[in-house]
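Engineer: Sharing a structure, written as C-alpha cells. Questions coming.
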Amino acid sequence: MENPKKYIDFHMHTKYSDGMESPELLAMNVKLSGVDLAAKTDHDTIEGYWDFKAAADKLGLATIPGIEFSDKDYHILGLGFNPKDYDFWKLTERSKYYQRLTSEQRVHMLKRHGIPITMEKLDSFFPDSRLGKHNIYRTLYHDEECRSWIEQNLPDATPDDVFEYTLRKSGIAGTVEHYYDLERHVIIDGIHKVGGLAIVAHLPKQAKSMKELDELKEAGVDGFEVQPNFYGTNFGAVNYPDIESYAKRHDMFITYGSDYHGSIMPRSLLGRGMNAMSPELEERLLGSTYGNDSETKEECLV
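Numbering of the sequence shown is given in our numbering, commencing with residue 34 and proceeding in unit increments.
Here it is as C-alpha cells:
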C-alpha cells in the first residue's frame with residue numbers, strides 16, 4: 034500500500050517579521066487550509082517557532098523549523114534545521130541586524146522627503162519583529178503623524194499608491210545606497226551546519242537567465258521553491274516549470290510555498306493541489322529529529 038501524499042507549505046510569515054498574524058493564528062489557518070506539514074519561515078529570525086510548533090501540535094499539524102535569509106541577489110530558505118543551535122541563532126541575529134541597518138537607510142530617505150517617521154516609531158509598533166520594508170509601510174499608517182503627512186501631501190493616494198511612492202524599487206526609499214546582507218556561502222554553510230536544507234525561494238522574481246540555476250547549484254543549494262499560486266505566471270527569463278525541470282534533471286529538491294503574509298498581501302495558503310511532497314524530500318526531512326521537542330527558546334539557547 035502506498036503512503037498517502039503529504040501536502041506541504043514551506044513558506045509563510047508571522048508578526049516576527051513582515052507577516053500580520055501571530056504564530057498561533059497562523060497555525061490554525063494552515064490547519065484549516067488542509068496542509069499536512071508546514072514551515073514558518075520568518076525573515077532572519079526563528080522567533081515564534083516554538084509557539085507555532087506548540088499550537089500546531091495541539092491541532093495535529095506537523096511542522097519543521099524554517100527561516101528565510103537574504104543575500105544581495107536571492108532569498109534562501111532554511112528548512113528542517115536544528116533550532117536549538119546557539120551559533121545558528123547568532124547567525125540569525127547578525128542577519129536581523131543587517132536588515133535593521135538597511136531599514137535605517139530607508140527611514141532616513143523618507144525623512145529627507147518630509148515624512149515624520151523614525152526608527153523609534155518602528156520599534157514601538159514592532160517590538161519583537163525583524164524590521165523590513167513592510168514594517169516601515171505599516172508604520173506609515175500606524176503612526177498618526179505619518180498618516181497626517183499622507184493625507185496632506187498625497188490626498189488621493191490609495192495605500193498601494195503610497196507604497197509605490199515610498200518603498201517600491203522606483204520609490205523614494207525603494208533603493209538604498211548600501212544593502213547589508215550575509216554572504217551567500219555563509220547562509221548556505223550556516224544552514225548545512227545545523228542539518229538543514231538550503232532552498233532558493235521564488236527564483237523567477239530575481240533570475241535573469243537559467244545560468245543562475247547552475248551558479249546556485251555550484252554554490253551548494255539543495256533545491257528550489259515552486260510557488261503554485263504563481264505557477265502559470267510568465268516572469269520572463271525563468272519560470273516555475275523551468276525550475277521544476279531543472280531540479281528533476283539534477284536530482285535537486287523541489288519544495289512548495291505560498292509566501293503567505295496574512296491580509297497585507299493577496300497570497301493564499303496552499304491547501305491541497307500540486308504541493309505534494311516528494312518521497313525523497315519526505316525521507317530527508319522527516320528522518321530528522323529536529324523540531325520534535327518541546328523546549329522553549331530560553332531552554333534551548335543555553
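Every residue, glycine too, gets a C-beta built ideally from N, C-alpha and C. These numbers come from a predicted model, not from an experiment.
Using 10 angstroms around the beta-carbon of residue 96, count the other beta-carbons present and answer buried if the total reaches 16, otherwise exposed.
Structural biologist: Under this definition residue 96 is a buried residue.
Engineer: On the criterion of 16 or more Cβ atoms from any shown chain inside 10 Å, does residue 242 qualify as buried, or is it exposed?
Structural biologist: Looking at its Cβ environment, which holds fewer than 16 other Cβ atoms inside 10 Å, residue 242 is exposed.
Engineer: At the level of alpha carbons, what is the spacing between residue 290 and residue 258?
Structural biologist: Roughly 7 Å separates the two Cα atoms.
Engineer: By how many angstroms is the C-alpha of residue 48 removed from the C-alpha of residue 146?
Structural biologist: C-alpha separation (whole angstroms): 28 Å.
Engineer: In whole angstroms, what is the alpha-carbon distance linking residue 224 and residue 102?
Structural biologist: Whole-angstrom Cα-Cα distance: 10 Å.
Engineer: How far does the beta strand (DSSP E) with residue 258 in it reach, from first residue to last?
Structural biologist: From DSSP, the beta strand (DSSP E) with residue 258 extends over 256 to 259.
Engineer: Would you call the CB atoms of residue 172 and residue 158 closer than 7 Å?
Structural biologist: Going by C-beta atoms, residue 172 is nearer than 7 Å to residue 158.
Engineer: Is it the case that the region 52 to 71 contacts the region 87 to 96, given that we only count it when at least three CB pairs across the two stretches are under 8 Å?
Structural biologist: Judged by Cβ distances under 8 Å, the region 87 to 96 makes contact with the region 52 to 71, as three or more pairs qualify.
Engineer: Pairs of beta-carbons, one from the region 192 to 212 and one from the region 129 to 144, closer than 8 Å: are there three or more?
Structural biologist: The region 192 to 212, when compared against the region 129 to 144, does touch it at the 8 Å Cβ threshold.
Engineer: Thinking just about the alpha-carbon of each residue, which of 163, 132, 169 is nearest to the one in residue 150?
Structural biologist: With distances taken between Cα atoms, residue 150 lies closest to 169.
Engineer: Here's the rule I'm using: 16 or more other beta-carbon atoms within 10 Å means buried, otherwise exposed. How should residue 45 be labelled?
Structural biologist: Flag for residue 45 reads buried.
Engineer: Would you kindly work out how many angstroms separate the C-alpha atoms of residue 40 and residue 317, rounded to a whole number?
Structural biologist: In a straight line, the C-alpha of residue 40 is about 15 Å away from that of residue 317.
Engineer: What whole-angstrom Cβ distance do residue 252 and residue 218 have, given they're in contact under 8 Å?
Structural biologist: That pair is a contact at about 7 Å.
Engineer: Using the C-alpha atoms, what's the distance from residue 179 back to residue 142?
Structural biologist: In a straight line, the C-alpha of residue 142 is about 14 Å away from that of residue 179.
Engineer: Short check: CB of residue 256 to CB of residue 234, under 7 Å?
Structural biologist: Contact flag unset, no.
Engineer: Would you list the one or two residues that DSSP bridges to residue 42?
Structural biologist: Paired residue(s): 71.
Engineer: Buried or exposed, going by whether 16 or more other CB atoms sit within 10 Å of the CB of residue 265?
Structural biologist: Flag for residue 265 reads exposed.
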